[in-house]
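Line by line, the protein sequences are chains R and A. Taking the working numbering, the leading residue of the first sequence gets 1, the next gets one more, and so forth. Taking the working numbering, the leading residue of the second sequence gets 325, the next gets one more, and so forth.
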Amino acid sequence: MFNYFLRRLLYAVPVVFGVMLLTFVLFFMVQSPRMMAKRNLGPKATPQAVENWLHNRGYDKPLFFNTSPGKSWYDSLFFNHMRSLIMFDLGDSDSTGERVSTKFKKGAVPSLLITVPAFVLGLYLSLVTSLFLAFVRKSKLDVGGVIACVVLMSVPIMVYVIVGQWLIAVQLSWLPAFGFTPSGLTTAKFLMLPVLVYVCAGLGGDVRLFRAIFLEEVHQDYVRTAQAKGASHGRVLFVHVLKNGMIALITLVVASLPFLIMGSLVIENFFGIPGLGSLTLDATRTSDFAVMRASVYLGSLLYLFGLLLTDLCYASVDPRIRFK
Amino acid sequence: MSALQNILIFAGAAFVVIACGLFWRSERWQRARARFQGDRVGIISLLIVVFYGLVGLMDSVQLSAHGKEMSMIEYMFRNTPNERGYSAPYADTTYAVNRPEPLKGRHWFGTDVLGRDVLVQTLRACRTALIIGGLTSFIYIPLGTIFGIAAGYYKRWVDDVIQYVYSTLACVPGILLLIAIIMVLENVNIPLWNGDTIQIPRLVQMSLALGITSWVGLCRLIRGDTLRQVERPYVEAARALGQSNWNIITRHILPNVMHLVLINFVLGFSGLVMSEAILSYIGIGAPVGTASWGTMIDSARMELAREPAVWWNFTAAAGALFFLVLSLNLLGDSLRRAFDPRASGK
Chain R
1 MFNYFLRRLL YAVPVVFGVM LLTFVLFFMV QSPRMMAKRN LGPKATPQAV ENWLHNRGYD
61 KPLFFNTSPG KSWYDSLFFN HMRSLIMFDL GDSDSTGERV STKFKKGAVP SLLITVPAFV
121 LGLYLSLVTS LFLAFVRKSK LDVGGVIACV VLMSVPIMVY VIVGQWLIAV QLSWLPAFGF
181 TPSGLTTAKF LMLPVLVYVC AGLGGDVRLF RAIFLEEVHQ DYVRTAQAKG ASHGRVLFVH
241 VLKNGMIALI TLVVASLPFL IMGSLVIENF FGIPGLGSLT LDATRTSDFA VMRASVYLGS
301 LLYLFGLLLT DLCYASVDPR IRFK
Chain A
325 MSALQNILIF AGAAFVVIAC GLFWRSERWQ RARARFQGDR VGIISLLIVV FYGLVGLMDS
385 VQLSAHGKEM SMIEYMFRNT PNERGYSAPY ADTTYAVNRP EPLKGRHWFG TDVLGRDVLV
445 QTLRACRTAL IIGGLTSFIY IPLGTIFGIA AGYYKRWVDD VIQYVYSTLA CVPGILLLIA
505 IIMVLENVNI PLWNGDTIQI PRLVQMSLAL GITSWVGLCR LIRGDTLRQV ERPYVEAARA
565 LGQSNWNIIT RHILPNVMHL VLINFVLGFS GLVMSEAILS YIGIGAPVGT ASWGTMIDSA
625 RMELAREPAV WWNFTAAAGA LFFLVLSLNL LGDSLRRAFD PRASGK
């Protein structure tokens, strides 16, 4: 198992390097640092101010190799960028000057507060619904359920957000419509609506996918065997099929776990929750390239971490995988 | 300008028709067509999609009438006057609590904050959505198909390189990559032959970003299927007959994976339309002055908070977006059923 883990970890190294390269190409080669400075300082900035901005951040160095006398050849944008990413030195925010890492630490908690309950609730609901649909397969209920899923999938997430807020918060005034306070029960009140919206928005797609996975299992031989030995319909479905279907589900579910930290951009932004999604969106508004760069990098690392977790779960559930 | 635009549009439409026509007579497609004809949901959703396409096309074709250039949609609604501000659907006064003013005309879907007819705006936003979807598909479908087939056919280092590129791209969360690419492209100036520089138009920025993020899925799909096709006897037979690699790929493998491209195109298109609306909604989408369902939904944040609520702008945009995405999803499912009845007929 440990060997397997090590092998998977080594596979991830070139991909991490690729992502670092991608951020470099995107943020330093496609646009010049000078453009970045101009965007940040506004069109009226003096050339001197631009030079200062570049110098303070070390962006006035050559792109790949430093050929000026007295400097080491690797004192360039490329090598500095790579080194800082490896050391997780994400620098200062371009708009507020705050450390990027502090910003991310602050934003992670509110994001997790929304996505974790939403994830658990959503997973539970979609598992139950999809198993039920698989139970009544080929009936009118099943057809109706699948149609409902497609309809739910086709509603844009903004519509869930806006209708949810308008109906539950404004018209019925059950829950507050907007905002976030990090203190006990009040927080829960603020969080309920975003969580609900998050669950609704993902339900259709998940149920359809899970149902397809379970239906795949229903036609396996072991199901016939279980039925032949007299296991009840429900037992076959909820014990045999669920267990085996979980193997396929784990890949999907575990890989999505790290994204919980990133939160949902649209939902956080709309409900005024100061999480990582809002942070990223604010970065686009204030042309904060440092934050954007960091979130692309961290997002990818999280995803790779999720893949690694998936591999591990997969290998522990299905030992054959390890020897491939 | 308008002549060029018209020619481009018809060239694009003709390309799509020819591309479909090329595969029309292959046996797999004929069987699929026969199955599709019995699928009522599929046909209805195809009709709805075609209707949206026609509306988008009508807004793209420029005419010159009454001394100025206007699109066919503008021409059809040339008698619809502009009001001073909001008015409810089919009302005869403006929407104001204190002093409602009489309107100049009737508006089926009401008017928005600038007094523009919501129906016209909704119809015109169709074009924006279709341009994004179409342009992005032009970018990502060739990319995904070519790389996918190359990886699956040549294997070895070609496969390694392509897999490396797409697994790197795939591990950046999609929406973050989209936002980052658009944010960077905003700053890029392209030098022209006469020394000037131009910015990349916003819609092209969006299409580029969406194209870069969406070819990965298609590439993975095509690669997997090509790997399976290469093992089939027909490829071996073609090889034994001394066919060149190029001939095997274009004459034998491509027609056999093309239905996957079509299904991916239809389902992907619904995703692209949705992405356009989401990007416009979070403020990095369609530029100011371009009608877009996303911007219309965005403005509803304020409008629904008013008392009484201004609901018609939101409803029209959300409804139009919903029906397009829904029918694309249903059409994609029907096509999948038609091409591969075994996989989904359980």
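Ideal Cβ placement from N, Cα and C applies to all residues, glycine included.
Below-8 Å beta-carbon distance, residue i vs any chain R residue
i        : result
A/Met598 : yes
A/Ala601 : yes
A/Asn580 : no
A/Val379 : no
A/Leu650 : yes
A/Asn653 : yes
A/Leu387 : no
A/Leu628 : yes
For residue i, the three-state DSSP class (helix, strand or coil)
i        : result
A/Asp664 : coil
R/Asn40  : helix
A/Ser744 : As shown, chain A starts at 325 and ends at 670. That puts residue 744 of chain A outside it, with no answer to give.
A/Gln567 : coil
A/Gly669 : Bear in mind that a pLDDT of 45 at A/Gly669, under 50, signals an unreliable position, so the model cannot answer this.
A/Pro405 : coil
A/Ser658 : helix
R/Gln171 : helix
R/Thr96  : coil
R/Thr286 : coil
A/Thr614 : coil
R/Gln31  : coil
R/Met1   : coil
R/Ser256 : helix
A/Asn511 : coil
Contacts around residue i, its chain only, beta-carbon distance under 6 Å, and the 5 residues preceding and following it disregarded
i        : result
R/His240 : Ala226
A/Gly434 : Ser411, Ala412, Pro413, Val442, Trp636
R/Val50  : Ala37
R/Asn244 : Glu217
R/Thr251 : Thr310
R/Gly205 : Met153
A/Cys344 : none
A/Arg359 : Ala662
A/Ala453 : Val597, Glu600
Test: residue i CB closer than 8 Å to a CB of chain A
i        : result
R/Val317 : no
R/Phe27  : yes
R/Tyr124 : no
R/Ile162 : yes
R/Tyr314 : no
R/Pro274 : no
R/Thr284 : yes
R/Asn269 : yes
Residues near residue i in its chain [Cβ-Cβ closer than 7 Å; skip 5 each side]
i        : result
R/Ser93  : Val100, Lys103, Asp288, Ala290, Val291
A/Ala624 : Asn637, Phe638
R/Ser130 : Val207, Phe210, Arg211, Phe214
R/Val236 : Val223, Ala226, Gln227
A/Val590 : Leu652, Leu655, Gly656, Leu659
A/Val340 : none
Proximal residues to residue i (C-beta, below 8 Å), its chain only, five neighbours per side dropped
i        : result
R/Lys189 : Leu175, Pro176
R/Leu279 : Lys103, Phe104, Gly107, Val291, Ser295
Anticipated Cβ contact below 8 Å, residue i with residue j, distance rounded
i        : j        : result
A/Arg448 : A/Ala615 : 4 Å
A/Val512 : R/Val30  : 6 Å
R/Met1   : R/Ala315 : 7 Å
A/Leu509 : A/Ile524 : 6 Å
A/Thr460 : A/Ser369 : Actually they are not in contact, since the Cβ atoms of A/Thr460 and A/Ser369 sit about 21 Å apart, beyond 8 Å.
A/Ser384 : A/Ile456 : 13 Å between Cβ atoms; not a contact.
R/Val15  : A/Ser491 : 6 Å
R/Met246 : A/Ile602 : Actually they do not touch by this definition, with Cβ atoms about 32 Å apart.
A/Leu387 : A/Met396 : 6 Å
Residues in the stretch 605–624 of chain A having any Cβ partner in chain R nearer than 9 Å: Tyr605, Ile606, Gly607, Ile608, Trp617, Gly618, Ile621, Asp622, Ala624
Between the stretch 485–508 of chain A and chain R, which residues of the former have CB atoms less than 9 Å from a CB of the latter, in chain order? Per Cβ criterion, the list reads Tyr488, Val489, Ser491, Thr492, Leu493, Ala494, Cys495, Val496, Pro497, Ile499, Leu500, Leu501, Ile503, Ala504, Ile505, Ile506, Met507, Val508.
Return the residues of the stretch 461–475 of chain A that lie within a Cβ-Cβ distance of less than 9 Å from chain R, sorted by chain order. none
Return the residues of the stretch 82–113 of chain R that lie within a Cβ-Cβ distance of less than 7 Å from chain A, sorted by chain order. none
Determine which residues of the stretch 16–47 of chain R have a Cβ less than 9 Å from any Cβ of chain A, and write them out in chain order. Listed by position along the chain: Val16, Phe17, Gly18, Val19, Leu21, Leu22, Thr23, Leu26, Phe27, Val30, Gln31, Ser32, Met35, Met36, Lys38, Arg39.
Looking at chain R, which residues of the stretch 511–526 of chain A have a Cβ within less than 9 Å of any of its Cβ atoms? Asn511, Val512, Asn513
Cβ-based contacts, 8 Å cut-off: residues of the stretch 635–646 of chain A near chain R: Phe638, Ala642, Leu645, Phe646
Residues of the stretch 302–313 of chain R with a CB closer than 7 Å to any CB of chain A: list them in chain order, please. Tyr303, Leu304
Members of the stretch 187–198 of chain R that neighbour chain A once the beta carbon cut-off is set at 7 Å: none
Using a Cβ-Cβ cut-off of less than 7 Å, give me the residues of the stretch 125–136 of chain R that come near chain A, in sequence order. none
Taking a cut of 8 Å between CB atoms, which residues from the stretch 358–372 of chain A lie near chain R? none
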